[in-house]
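Just below is one structure, and these are the notes that go with it.
Protein chains in written order, with our numbering: chain X, 42 to 156; chain Y, 132 to 242.
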């Protein structure tokens, strides 16, 4: 049982490049989310999904796309990277949209730098 | 939108001192969760509170949900260096499926 797996762990991009951050969970959780964490800003919700085929925008969705073709995977796409997207990105999953008695399980994060 | 404020933003304590962080919402919450994030790590779930006035304990940690379900607190008794990290509260915004985190309280424990 691996939990939530994020790849890559580190990435450096040039402005304008595109890339996909991968997230996979093996807990059969319906709910998955992407957050970004900037120094002093806490965790901000980018996009979330309540099940396969269903996604919606969070607090800071601009510049990011998501899709959920399977229960297990929830990739985050940066179409044209900008320096403002330099951040640590966390993927999280839960069996309950409200977190429930087990809360959300987080991946170890992807540290992205855009130069 | 719904705001989840945490105070203080930072707290430095001597080892052995107590520590409290507060989470305040502008609206009534159905429930609230608490997480801990160690430096360089990822958030880890601590506990969920559901009932008005609920109090739960985990060893030296005491969690409380306000009577009006608009605020919550986390109290650590006799802090240790292992308590270092950032503590977040989290909740689902009413009428949506968005799971939102508070601004966090960063705790440093001086040995």
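Every residue, glycine too, gets a C-beta built ideally from N, C-alpha and C. This one's a predicted model, so the numbers in the text were calculated from it and none came from an experiment.
- Taking residue 52 (chain X) as reference, the option from X:44, X:126 and X:136 with the minimal CA-CA separation is X:126.
- Counting along the chain, the unbroken beta strand (DSSP E) around residue 131 (chain X) starts and ends at 128 to 135.
- By the Cβ test, the stretch 63 to 75 of chain X is in contact with the stretch 131 to 141 of chain X, since at least three Cβ pairs between them sit closer than 8 Å.
- Residue 115 (chain X) has a beta carbon lying at 9 Å or more from every beta carbon in chain Y.
- Closer than 7 Å at the C-beta level to chain X, one finds no residue of the stretch 199 to 213 of chain Y.
- Taking every protein chain shown into account, the CB of residue 146 (chain X) has 16 or more other CB atoms within 10 angstroms, so this residue is buried.
- Taking the Cβ atoms as the reference, residue 221 (chain Y) lies roughly 6 Å from residue 166 (chain Y), within the contact range of under 8 Å.
- The C-beta distance from residue 173 (chain Y) to residue 150 (chain X) rounds to 5 Å, short enough to fall under 8 Å.
- With a cutoff of 9 Å on beta-carbon distance, residue 162 (chain Y) and residue 181 (chain Y) are scored as near each other.
- As computed with DSSP, residue 208 (chain Y) is found in no beta bridge at all.
- Between residue 201 (chain Y) and residue 159 (chain Y), the C-beta gap is smaller than 9 Å, which places the two residues in contact.
- For residue 221 (chain Y), the chain X residues whose C-beta falls within less than 7 Å of its own C-beta are 140, listed in chain order.
- About 7 Å separates the Cβ atoms of residue 90 (chain X) and residue 107 (chain X), confirming a contact at the 8 Å cut-off.
- Pairing residue 211 (chain Y) with residue 175 (chain Y) gives a Cβ-Cβ distance that is not under 9 Å.
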